[in-house]
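Below you'll find the structure, written out as structure tokens, and then a few comments.
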Amino acid sequence: MGAAVIVKDLKKTFNLRHSHSLKETLVWLVKGRRGDLTRKFDALHDVSFEIQPGETVALLGFNGSGKSTLLKLISGVILPDKGTVRTKGRVAGLIEVGAGFHPDLSGRENVFLNAAILGMTEQEINEKFEDIVAFSEIEQFIDTEVKFYSSGMFLRLAFAVAVHTQPDIFLVDEILAVGDEPFQKKCLAKIKQLSDEGRTLVVVSHDLDMISRICDRGVVLSSGTVQFEGPAEEAVAWLREH
Amino acid sequence: MATSTDTYAVPGVGAGLLDVYRRRYLLKLIVRKELRVRYRGSVLGLAWSYVKPLVQYVVLFFALGIVLRVGDQIPNYALYMFSGVIVINFFSEAFSNATRSIVSNAALVKKIYLPRELFPVASVWVAAVHFLPQLVVLLAAALLTGWHPDILQLIGAALGFVIVAVTATGLGLLAGAINVFFRDAENIVDMLMMIVTWTSPVLYDWTMIRRLAPEWVLVIYQLNPITVAVELFHWAFWYPTVNRPVELPPHLMWTGLLGLGMAALFLIIGQLVFRRLEGHFAQEV
Numbered sequence: 001m002g003a004a005v006i007v008k009d010l011k012k013t014f015n016l017r018h019s020h021s022l023k024e025t026l027v028w029l030v031k032g033r034r035g036d037l038t039r040k041f042d043a044l045h046d047v048s049f050e051i052q053p054g055e056t057v058a059l060l061g062f063n064g065s066g067k068s069t070l071l072k073l074i075s076g077v078i079l080p081d082k083g084t085v086r087t088k089g090r091v092a093g094l095i096e097v098g099a100g101f102h103p104d105l106s107g108r109e110n111v112f113l114n115a116a117i118l119g120m121t122e123q124e125i126n127e128k129f130e131d132i133v134a135f136s137e138i139e140q141f142i143d144t145e146v147k148f149y150s151s152g153m154f155l156r157l158a159f160a161v162a163v164h165t166q167p168d169i170f171l172v173d174e175i176l177a178v179g180d181e182p183f184q185k186k187c188l189a190k191i192k193q194l195s196d197e198g199r200t201l202v203v204v205s206h207d208l209d210m211i212s213r214i215c216d217r218g219v220v221l222s223s224g225t226v227q228f229e230g231p232a233e234e235a236v237a238w239l240r241e242h
Numbered sequence: 001m002a003t004s005t006d007t008y009a010v011p012g013v014g015a016g017l018l019d020v021y022r023r024r025y026l027l028k029l030i031v032r033k034e035l036r037v038r039y040r041g042s043v044l045g046l047a048w049s050y051v052k053p054l055v056q057y058v059v060l061f062f063a064l065g066i067v068l069r070v071g072d073q074i075p076n077y078a079l080y081m082f083s084g085v086i087v088i089n090f091f092s093e094a095f096s097n098a099t100r101s102i103v104s105n106a107a108l109v110k111k112i113y114l115p116r117e118l119f120p121v122a123s124v125w126v127a128a129v130h131f132l133p134q135l136v137v138l139l140a141a142a143l144l145t146g147w148h149p150d151i152l153q154l155i156g157a158a159l160g161f162v163i164v165a166v167t168a169t170g171l172g173l174l175a176g177a178i179n180v181f182f183r184d185a186e187n188i189v190d191m192l193m194m195i196v197t198w199t200s201p202v203l204y205d206w207t208m209i210r211r212l213a214p215e216w217v218l219v220i221y222q223l224n225p226i227t228v229a230v231e232l233f234h235w236a237f238w239y240p241t242v243n244r245p246v247e248l249p250p251h252l253m254w255t256g257l258l259g260l261g262m263a264a265l266f267l268i269i270g271q272l273v274f275r276r277l278e279g280h281f282a283q284e285v
């Protein structure tokens, strides 16, 4: 059995553009393309690693080190400029909890919409609906419009949908800071359960203690390159030293 | 590794419109969401989409008939115009909303990978739902004025609808993708929508073009798939109610098929451009 995620020689450059205007582009073209219309910024370069099926891997690094960019490349939201990303099985990207939620729809409608966005079929959603609502613990508000939810309720429901999508590869970006302490414990237990079921997890978080608790391995990024790769505790220790 | 790559997927590279078909359940939910959100907090709800075309019909009847006396040239002019106007309404709602669809769904486009063609296609679908009440008003007006179509004319109407839907999807994919990079696109499309009423025989008769312009202009005029759809609608809904001799554009079924070909061409161009630009959506939108 091969790796679940293969990342090879990855390079991603962003254009830092200041406006979305045809006029400026035309002026630039007429002037014979003098000067740079955009500034370029290397978010990632020469990044290579593999993640084995069933592993829980943390992407570590300070703000702006390229962690989230890497996660977006694995989920397919953005495409690399050079190098390749390959994934095996269904990928669910939890880049941001509740990205697909609409405030004017009820909790119930949002569960269906979001589960479908995350790749579930109609049948799967119908089967899992009760579990999702039970996990979120907001049964009595499920037919209320989401705009009336407190931020805690909103995050609970969104997280509940996400953890029930049953992906093979689960991408998690800073979402474990959800709700109060009991709910956080429940989320961590659920993440552990997903990992025990043999699912692959890729986690981005700044909560280093939590990472050393739940992750097997850590990849430390700095200025867009891999600086350290190894067991989670060592990766966390490496990051704390530097 | 080359032997095992066939089981690996390349994230972010999909099958375009084919993926929209595969995830049609999600398409259905997005269309439902759009409709729910559109009429939130309104008492009449979807009934508004019956009131609006009804008012439009009444305005055409009085303003053009009584004031401008169009009825002298075009028999049953209100039905003639309304059958063209609803084609234009469908096309402009579908096209302009599809143009804005990627940008207005930026939150999703940036965070989660899903076939982005879903958004323009959903816009066209929503416009089709709004087209239905207009069709009901048209049918009521047609039946009141002695409508008795034959089967070929009904097929022509269906063909006209498909031509508009496919054209709007193709152009919507094209303009929606460009709009991510240059927001000018939505203004250009709004401007085109003002012109499009006049590049098709909606508020006048096609023979006026033949009288005024040389032969080759008429050929270009007829190549516009929206013009073809408007003429097919005239043929299906207005022509059977007319009791004095009128001249229809020649070979309507053939121009209809040609219009469908043009629509398909727009769809292919739209899809190709969309796929080329799609990779940059998340970082530019």
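Protein sequence lines, in the order shown, are assigned to chains A and B.
If you read the first sequence in UniProt numbering, its first letter stands for residue 1, the second for the next number, and so on.
If you read the second sequence in UniProt numbering, its first letter stands for residue 1, the second for the next number, and so on.
For glycine and all other residues, C-beta sits at the position ideal for the given N, C-alpha and C.
Put Val285(B) into one of helix, strand or coil per three-state DSSP.
coil
Under the rule that 16 or more other beta-carbon atoms within 10 Å means buried, what is Met208(B), buried or exposed?
exposed
Can you grab the Cα-Cα spacing for the pair Phe228(A) / Ala58(A), in whole Å?
12 Å
Between which two residues does the alpha helix (DSSP H) carrying Gln153(B) extend?
151-181
May I have the straight-line CA-CA distance separating Ile191(A) from Ile112(B), to the nearest angstrom?
20 Å
Between Val10(B) and chain A, is there a C-beta pair that is closer than 9 Å?
yes
Using a Cβ cut-off of 9 Å (strictly closer), state whether Asp209(A) contacts chain B.
no
Boundaries (first-last residue) of the beta strand (DSSP E) holding Gln227(A):
225-231
Only counting the same chain, and skipping five residues up and downstream in sequence, which positions put a Cβ closer than 7 Å to that of Val164(B)?
Val87, Phe90, Phe91, Ile226, Ala229
Per the contact definition of three or more C-beta pairs closer than 8 Å, is the region 238-257 of chain B in contact with the region 175-187 of chain B?
no
Cβ-heavy atom distance between Leu194(A) and the ligand PLP below 8 Å?
In the structure shown, the ligand PLP is absent, as is every other ligand, since no ligand is present at all.
Would a check of beta-carbon distances place Val246(B) closer than 9 Å to chain A?
no
Contact list for Ile112(B) against chain A, beta-carbon separation under 8 Å:
Ser75, Val77, Gly93, Ile95, Ala99, Gly100, Ile117, Leu118
Bridge partners of Arg217(A), per DSSP?
Val57(A), Pro231(A)
Can you grab the Cα-Cα spacing for the pair Ala15(B) / Leu71(A), in whole Å?
22 Å
Which of helix, strand or coil DSSP assigns to Ala94(B):
helix
Touching or not, the region 109-128 of chain B and the region 84-95 of chain A, by the rule of three or more beta carbon pairs under 8 Å?
yes
Between Phe183(A) and Arg156(A), which are expected to be in contact by the criterion C-beta below 8 Å, what is the C-beta distance as a whole number of angstroms?
6 Å
At 7 Å on the CB atoms, spell out the chain A contacts of Leu29(B), in chain order.
Phe112, Leu113, Ala116
Tell whether a beta-carbon distance below 9 Å holds between Val121(B) and Leu17(B).
yes
Considering Thr13(A), what are the terminal residues of the beta strand (DSSP E) in which it resides?
5-16
Return the CA-CA distance between Val124(B) and Glu233(A), expressed in angstroms with no decimal places.
52 Å
Might you give, ordered along the chain, the residues of its own chain that have their beta carbon closer than 6 Å to the beta carbon of Leu101(B), omitting 5 neighbours on each side?
Per the sequence shown, the amino acid found at residue 101(B) is Ser instead of Leu. Same-chain partners within the cutoff: Phe119, Pro120, Ser123, Gly176.
Hey, does Asp184(B) have any beta-carbon neighbour from chain A nearer than 9 Å?
yes
Look at Val136(B) and Ala282(B) and say whether their C-beta atoms are less than 9 Å apart.
no
Output the distance between the C-alpha atoms of Ile268(B) and Leu60(B), rounded to the nearest integer angstrom.
36 Å
Under the rule that 16 or more other beta-carbon atoms within 10 Å means buried, what is Ser4(B), buried or exposed?
Interpretation of Ser4(B) is limited by its pLDDT of 43, a score under 50 that renders its predicted location unreliable; no figure is taken from the coordinates.
Cut-off 8 Å between Cβ atoms - residues of its own chain near Thr255(B), not counting five sequence neighbours on either side
Gln222, Val228, Glu231, Pro249
Output, in sequence order along the chain, the residues in the region 117-141 of chain B whose CB is closer than 8 Å to any CB in chain A.
none
Please state whether the Cβ-Cβ distance between Val37(B) and His102(A) is less than 9 Å.
yes
On a CA-only basis, which of Ala115(A), Asp46(A), Lys147(A), Thr225(A) is nearest Ile132(A)? Give me that one, please.
Ala115(A)
Pairwise C-alpha distance: Val236(A) and Ser220(A)
The identity of residue 220(A) in the sequence shown is Val, whereas the question assumes Ser. Near 8 Å, if we compare the C-alpha coordinates of Val236(A) and Val220(A).
Under 9 Å between beta-carbons, which chain A residues line up against Gly270(B)? List them in chain order, please.
Simply none; closest approach about 19 Å.
Do three or more CB pairs link the region 231-245 of chain B to the region 188-197 of chain B at distances below 8 Å?
no
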